[in-house]
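These notes are about the structure you will find just below.
2 protein chains.
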Amino acid sequence: MEDRSISQAVIGRLPRYYRYLGDLRSEGVERISSQELSGIMNVTASQIRQDFNNFGGFGQQGYGYNVNTLYQEIGRILGLDKIHTMVLIGAGNLGQALVNYVSLKNRGFIFKAAFDTDPKRTGRMIADVPVYPLERLPEFIDANNIEIAVLAVPRGAAADVKDILVHTGIKAIWNFAHVDLEVPEDIQVENVHLHDSLMKLSYNIRCHDEEEVKSGKR
Amino acid sequence: MEDRSISQAVIGRLPRYYRYLGDLRSEGVERISSQELSGIMNVTASQIRQDFNNFGGFGQQGYGYNVNTLYQEIGRILGLDKIHTMVLIGAGNLGQALVNYVSLKNRGFIFKAAFDTDPKRTGRMIADVPVYPLERLPEFIDANNIEIAVLAVPRGAAADVKDILVHTGIKAIWNFAHVDLEVPEDIQVENVHLHDSLMKLSYNIRCHDEEEVKSGKR
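Top line first, the protein sequences correspond to chains A and B.
Everything in the first sequence is counted per my numbering, starting at 266 for the first residue and increasing by one.
Everything in the second sequence is counted per my numbering, starting at 266 for the first residue and increasing by one.
Here is the structure:
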């Protein structure tokens, strides 16, 4: 199994395969061909085979794939066979929602604590996660082997928090702050820029509106 | 200005340009060359020029770009010169956080109401946004010319809500439910799959860990 040089585009498609396979598994489906999967997922069968070939192909095409094996194997590739420890930084509305959301849905991702600079927020709990003052962050990360920092602070605060994080043993940042973070190569960053997503939607609305005007529908 | 056939990759980069230009503008920068912008944004100058050429180029390269004009123009392309009316569907933790987050940060995107099936949530307010029973959704969308439905319901409920939405005049769905929505062509969908994003992070952590083991760092 060789996944050293796999493109981020292929990686980006794995969670979707995982999701569909999880559904098929729950429905009791045991085997599925790339053609059948193609029909359900709205991707060409050749794309599916190409994607899977990056990971050794996952078994014979003629018989189809074993759904459960494929699900487990993609889960393993995605690192979902391990527990990932997390901290939240920024215990505002979005941060609180993320703690509740992740805790509810992802058994393998565990929030161990939250951190904030606002004394009105510290000392409280979000679900069963305690909120501590930001000063305690570095010590907590290293004492508890925290892997992932979830950054839900205002954009003005993001650079300062990043500077703290790079001096800890943190492995990854799930970044909701509306800035691009510059971090050393050994820290993985995944951005969720909600603003940017909303702007893309707004762009597509505008284009569609203009098309309708041009084609005389309005 | 011809933006009919512009790739989603280019569109996906526009919000980032808009963000950096907004910052430069706040700092009082009046003109910037593609080289300077390249240095700040960590994109090649040729990529920037190619992207901008899709929209007519935005002025002469020799003199650099006028920051304010470019900011306004990209904003217009992104449809940010108009007000976008929104409803939230699913007033749980994530939905509430989205109302607070968007209301705070995006002046052009206005939540007019939220909808839920849970009587414990309806009749309340999220910030200054009222929460109504889901039955009132179609009537509300059409009476208030709502453009965007923000879908923050559990995945099991998403298909039913989508079926309601496609019979209204809604233009777009900002989808946080962990399913792919099949909608008619004239409804724009932008997915924010938080799970998928977390899985990509987990994949990159695993690969980095394995690299370190291989290279003898651990």
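Glycine is no exception: its CB is placed at the ideal position from the N, C-alpha and C atoms.
Can you name the residues that DSSP bridges to residue i?
i: valine 394 of chain A; result: A/Ile391
i: alanine 413 of chain B; result: Note on identity: in this sequence residue 413 of chain B is isoleucine, with alanine being the wrong assignment. Paired residues: B/Met351, B/Ala437.
i: isoleucine 297 of chain A; result: A/Tyr330
i: glutamine 453 of chain B; result: B/Ala437
i: phenylalanine 380 of chain B; result: B/Ile354, B/Tyr397
Helix, strand or coil for residue i per DSSP?
i: alanine 310 of chain A; result: helix
i: threonine 350 of chain A; result: strand
i: valine 444 of chain A; result: coil
i: phenylalanine 374 of chain B; result: strand
i: asparagine 502 of chain B; result: The requested residue 502 of chain B is not part of the displayed model; chain B covers only 266 to 483.
i: alanine 356 of chain B; result: coil
i: leucine 345 of chain B; result: coil
i: isoleucine 271 of chain B; result: coil
i: proline 419 of chain A; result: coil
i: glycine 481 of chain A; result: coil
i: glycine 340 of chain A; result: helix
i: arginine 281 of chain B; result: helix
i: histidine 473 of chain B; result: helix
i: arginine 290 of chain A; result: helix
i: histidine 460 of chain B; result: helix
i: isoleucine 276 of chain B; result: helix
i: lysine 427 of chain B; result: helix
i: glycine 304 of chain B; result: helix
i: lysine 465 of chain B; result: helix
i: methionine 266 of chain A; result: Its pLDDT being 43, under 50, methionine 266 of chain A is placed unreliably by the model, and the measurement read from it follows with that caveat. Looking at methionine 266 of chain A - three-state DSSP - the assignment turns out to be coil, as it is neither helix nor strand.
Listing by chain order, which chain B residues have their CB less than 7 Å from the CB of residue i?
i: isoleucine 276 of chain A; result: Lys465, Tyr468
i: glutamate 412 of chain A; result: Ile470
What in chain B is Cβ-close to residue i, meaning under 8 Å?
i: asparagine 358 of chain A; result: Gln361, Ala362, Asn365, Tyr366
i: tyrosine 283 of chain A; result: Met464
So residue i contacts chain B; which residues on that side make the cut at Cβ distance below 9 Å?
i: glycine 344 of chain A; result: Met464, Leu466, Ser467, Tyr468, Asn469, Ile470, Arg471, Cys472, Asp474
i: proline 280 of chain A; result: His458, His460, Asp461, Ser462, Leu463, Met464, Lys465, Tyr468
i: alanine 423 of chain A; result: Correct list: empty, because the minimum Cβ distance to chain B is about 13 Å.
i: glutamate 455 of chain A; result: Ser462, Leu463, Lys465, Leu466, Asn469
Apply the 10 Å Cβ neighbour rule to residue i and answer buried if 16 or more other Cβ atoms are within range, or exposed otherwise.
i: alanine 392 of chain A; result: exposed
i: methionine 485 of chain B; result: With chain B covering 266 to 483 only, the question about residue 485 of chain B has no answer from this structure.
i: methionine 266 of chain A; result: Confidence at methionine 266 of chain A is low in this model, with a pLDDT of 43, below 50, so its placement is unreliable and the value that follows should be read with caution. The residue is exposed, with fewer than 16 neighbouring Cβ atoms inside 10 Å.
i: arginine 401 of chain B; result: exposed
i: glycine 293 of chain B; result: exposed
i: arginine 372 of chain A; result: exposed
i: glutamine 453 of chain B; result: buried
i: histidine 432 of chain B; result: exposed
i: isoleucine 406 of chain A; result: buried
i: arginine 389 of chain B; result: exposed
i: valine 457 of chain B; result: buried
i: proline 449 of chain B; result: exposed
i: tyrosine 468 of chain B; result: buried
In chain A, which residues lie with their C-beta within 7 Å of the C-beta of residue i?
i: aspartate 451 of chain B; result: His473
i: arginine 372 of chain B; result: Per Cβ cutoff of 7 Å: no residues; arginine 372 of chain B is ~12 Å from chain A at best.
Kindly list, in the order they appear in chain A, the residues whose Cβ is closer than 9 Å to that of residue i.
i: tyrosine 336 of chain B; result: Near tyrosine 336 of chain B there are no residues of chain A at all, since even the closest Cβ is about 13 Å away, more than 9 Å.
i: alanine 437 of chain B; result: Leu466, Ser467, Asn469, Ile470, His473
By the criterion of Cβ-Cβ separation under 7 Å, what are the contact partners of residue i in chain D?
i: alanine 379 of chain B; result: In the structure shown, chain D does not exist; the protein chains are A and B.
Show which residues of chain A have a CB atom less than 8 Å away from the CB atom of residue i.
i: histidine 349 of chain B; result: Ser467, Ile470
Would you call the region 400-416 of chain B and the region 427-447 of chain B in contact, with 3 or more CB pairs under 8 Å?
yes
I'd like to know if the region 444-458 of chain A and the region 415-433 of chain A are in contact, where contact means that at least 3 CB-CB pairs between them fall below 8 Å.
yes
Using 8 Å as the cut-off, can you tell me whether the region 376-385 of chain A makes contact with the region 347-363 of chain A, which would need three or more C-beta pairs spanning the two stretches below that distance?
yes
Does the region 332-341 of chain A touch the region 280-298 of chain A, meaning 3 or more C-beta pairs lie closer than 8 Å?
yes
Okay, do the region 340-347 of chain B and the region 302-319 of chain B touch, 3+ Cβ pairs below 8 Å being the bar?
no
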